[in-house]
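In the working numbering, the protein residues as written are 21 to 220.
Report on the structure given below.
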């Protein structure tokens, strides 16, 4: 998703029950790979065996409360992303899954009541700027909980690692070689209070 995108649109794929765990998102028997395409071939198959064959790029999963509970595994996020899912809307998320998603640059929308209000195949709009989830054809318009400014920065960067890499690159570009030569001795002295000073 472009950093300037403010509205996501896609087809709802609804799993209305609560407590869908990470082993149901991607079963443990497939955790021997980190390849997202390979994981996507089995995403959600223990709940809906037809899902991997019918999911389309741009689809949006809609689920009940506590989505992503159970063991912490980034593979669950990778499988969803590999399948082309652009976001998950859920009544609530397990905290570890929520953080894993944000850290991987994957959009998660906490929207109480979404699982009851939305139906399979609905054309869904996620209005990021105004914090709304809509299904215009059926008049659904729900408020969602914004993830916070820092989370939005991570999402815009594509995840935690790209964010950190960009921050380090920006810092390096602001520091000249001369600055580095002068800063290094000062930093070393600051890190070690017992280091000799010029007066000693």
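Cβ coordinates follow ideal geometry from the N, Cα and C atoms, glycine included.
Along the beta strand (DSSP E) that carries residue i, what are the first and last residues, could you check?
{"i": "residue 130", "result": "127-130"}
{"i": "residue 29", "result": "27-35"}
{"i": "residue 181", "result": "Premise fails: residue 181 lies in the alpha helix (DSSP H), 180-193, not in any beta strand (DSSP E)."}
{"i": "residue 152", "result": "152-155"}
{"i": "residue 161", "result": "160-163"}
Taking buried to mean at least 16 other C-beta atoms within 10 Å of its own C-beta, is residue i buried or exposed?
{"i": "residue 67", "result": "exposed"}
{"i": "residue 165", "result": "exposed"}
{"i": "residue 118", "result": "buried"}
{"i": "residue 120", "result": "buried"}
{"i": "residue 188", "result": "exposed"}
{"i": "residue 55", "result": "exposed"}
{"i": "residue 144", "result": "buried"}
{"i": "residue 168", "result": "exposed"}
{"i": "residue 108", "result": "buried"}
{"i": "residue 170", "result": "exposed"}
{"i": "residue 185", "result": "exposed"}
{"i": "residue 134", "result": "buried"}
{"i": "residue 70", "result": "exposed"}
Does residue i come out as helix, strand or coil in the three-state DSSP assignment?
{"i": "residue 147", "result": "strand"}
{"i": "residue 87", "result": "strand"}
{"i": "residue 107", "result": "strand"}
{"i": "residue 46", "result": "coil"}
{"i": "residue 82", "result": "strand"}
{"i": "residue 133", "result": "coil"}
Ordered along the chain, which non-local residues of its own chain (more than five positions away) have a Cβ less than 8 Å from that of residue i?
{"i": "residue 137", "result": "155, 160 and 162"}
{"i": "residue 183", "result": "173, 174 and 177"}
Span of the alpha helix (DSSP H) holding residue i?
{"i": "residue 122", "result": "115-123"}
{"i": "residue 169", "result": "169-177"}
{"i": "residue 72", "result": "71-74"}
{"i": "residue 100", "result": "94-102"}
Spatial neighbours of residue i within its chain, please: C-beta separation below 7 Å, excluding the five flanking residues on both sides.
{"i": "residue 141", "result": "31 and 32"}
{"i": "residue 179", "result": "123, 124 and 125"}
{"i": "residue 94", "result": "120 and 124"}
{"i": "residue 130", "result": "110, 112, 113, 164 and 165"}
Please work out which residues of its chain come closer than 6 Å, Cβ to Cβ, to residue i, disregarding the five sequence neighbours upstream and downstream, and give them in chain order.
{"i": "residue 41", "result": "89 and 90"}
{"i": "residue 103", "result": "60, 63 and 75"}
{"i": "residue 158", "result": "none"}
Are the stretch 73-84 and the stretch 27-43 in contact at 8 Å, needing three or more beta carbon pairs? Cβ pair count under 8 Å is three or more, so yes.
For the structure I just gave you, are there three or more beta carbon pairs, one from the stretch 89-108 and one from the stretch 53-62, closer than 8 Å? The stretch 89-108, when compared against the stretch 53-62, does touch it at the 8 Å Cβ threshold.
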